[in-house]
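Participant: Numbering (our numbering), first residue to last: 1 to 218.
Glycine included, every Cβ here is placed at the ideal spot set by N, Cα and C.
Since the model is a prediction, treat every value here as computed from it, not as a measurement.
Dumping the structure here so I can ask a few things about it.
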Amino acid sequence: MIDTLSLKWDANSLIPAIIQDASTGSVLMMAHMNRESLEISLRERRTCFWSRSRGQLWRKGETSGNIQEIVSIAADCDSDTLLVRVNKTGPACHTGAESCFFNDIIAEDAAPFSMDKLYALIESRKSQKKEGSYTTYLFEKGDDKILKKIGEESSEVIIAAKNNDRAELVYEIADLAYHAMVLMAQKNITPDDIRRELAGRHVIDKKTKQERMSADEA
């Protein structure tokens with residue numbers, strides 16, 4: 001642990017802050033902090049930066065609502081750069097992208113799959129209405145069609161499980177997960193919302209377990 005007095009500020013009394021999604025590990029953005037914005041960030045547990053172009057403080061999400069709740073802050077080995085891990089609400093980039101880092105210079109031959117990327121694709125089918133897309137078809141048909149498909153896929157998961165067919169079960173669970181994500185997009189529920197809900201349950205379960213252990217010892 002180090003204190004803020006040990007940090008090394010540049011000639012303009014600023015320090016770079018790299019913002020990372022605590023849930024996925026994705027790098028979201030890079031901004032600068034001065035002493036005041038860092039103090040505000042520590043006090044409010046939400047990111048606050050110093051805008052070099054405007055010459056003023058700016059709290060992330062103050063106007064857009066896309067806030068970043070701080071999980072941890074660490075300094076690098078030279079104490080001249082900060083890594084800020086956050087739980088975010090909404091996209092990090094002012095362009096609407098999830099991360100500011102989307103202009104590839106060297107691109108991976110095959111970008112790794114993630115549920116977040118699938119959800120982003122599903123959302124794009126909702127807004128852009130790609131012709132011939134099954135996902136777009138579901139959005140056009142609306143709630144009743146989406147819910148009907150979830151009911152069908154749930155039944156197929158149960159049948160596959162009863163048949164003890166692992167390959168079939170994996171296939172049907174994937175279908176169910178996909179249709180559930182279509183419903184999430186339809187109702188404006190994001191993967192971050194689900195992660196926060198699950199994380200909250202984990203904290204409650206851990207607290208309940210500790211309380212039970214204390215009661216047993218009493």
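#1: Do you know whose CA, among Leu83, Asp116 and Thr135, lies nearest Asp192's CA?
#2: For Arg59, does the three-state DSSP call read helix, strand or coil?
#3: Figure out for me which residue from Asn164, Val157, Pro91 and Met181 has the closest Cα to the Cα of Tyr171.
#4: DSSP on Glu69, reduced to helix/strand/coil?
#5: Please report whether the beta-carbon of Arg45 lies at a distance below 8 angstroms from any beta-carbon of chain C.
#6: Measuring straight from C-alpha to C-alpha, what distance separates Trp50 and Arg196?
#7: Per DSSP, what are the beta-bridge partners of Cys48 in this structure?
#8: Quick check on this structure: which residue in Arg85, Gln68 and Ser53 has the alpha carbon closest to the alpha carbon of Thr295?
#9: On a Cα-Cα basis, can you pick out the residue from Pro91, Ile18, Ser124 and Tyr134 that is closest to Arg85?
#10: Am I right that Ile15 and Asp80 are in contact with their C-beta atoms under 8 angstroms? What's the rounded C-beta distance?
#11: Have a look at Asp76, Asn34 and Phe139 and flag the residue whose alpha-carbon is nearest the alpha-carbon of Lys187.
#12: According to DSSP, is Lys8 helix, strand or coil?
#13: May I ask which residues mark the beginning and end of the alpha helix (DSSP H) holding Leu82?
#14: In chain order, what residues of the same chain have a beta carbon less than 8 angstroms from the beta carbon of Tyr119, not counting five sequence neighbours either side?
#15: Would you check if there are 3 or more beta carbon pairs closer than 8 angstroms linking the stretch 26-38 to the stretch 86-106?
Facilitator: Considering the structure as presented:
#1: Counted from its first residue, the sequence shown places residue 192 at position 192. Comparing Cα positions, the closest option is Asp116.
#2: Along the sequence shown, read from residue 1 onward, the residue named residue 59 stands at position 59. Of the three classes helix, strand and coil, the one that applies to Arg59 here is strand, per DSSP.
#3: Looking up residue 171 in the sequence shown gives position 171. Cα-wise, what sits closest to Tyr171 is Val157.
#4: Position 69 of the sequence shown holds residue 69. Glu69 falls in the strand class under three-state DSSP.
#5: No chain C is part of this structure, which consists of one protein chain only.
#6: The residue given as residue 50 occupies position 50 in the sequence shown. The residue given as residue 196 occupies position 196 in the sequence shown. Just so you know, the alpha carbons of Trp50 and Arg196 end up roughly 28 angstroms apart.
#7: What you label residue 48 is simply residue 48 of the sequence shown in a count that begins at 1. The beta-bridge partner set that DSSP reports for Cys48 consists of Arg59.
#8: Here the chain comprises residues numbered 1 to 218, so residue 295 is not present and cannot be evaluated.
#9: Indexing the sequence shown from 1 puts residue 85 at position 85. Considering only alpha carbons, the answer is Ile18.
#10: Taking the first residue of the sequence shown as position 1, residue 15 is located at position 15. Taking the first residue of the sequence shown as position 1, residue 80 is located at position 80. Contact check for Ile15 and Asp80: beta-carbon distance about 7 angstroms, within the 8 angstroms limit, so the pair qualifies.
#11: By 1-based counting over the sequence shown, the position of residue 187 is 187. Comparing Cα positions, the closest option is Phe139.
#12: Position 8 of the sequence shown, counted from the first residue, corresponds to residue 8. Correct three-state label for Lys8: coil.
#13: To locate residue 82, count along the sequence shown from 1; it is residue 82. It is not in any alpha helix (DSSP H) - Leu82 instead sits in the beta strand (DSSP E) that spans Leu82 to Lys88.
#14: Residue mapping note: residue 119 aligns to position 119 of the sequence shown, counting from 1. A distance below 8 angstroms between beta-carbons, with the five flanking residues on each side excluded, links Tyr119 to the following residues of its chain, in chain order: Met181, Met184, Ala185, Thr190 and Pro191.
#15: Yes, the stretch 26-38 is in contact with the stretch 86-106.
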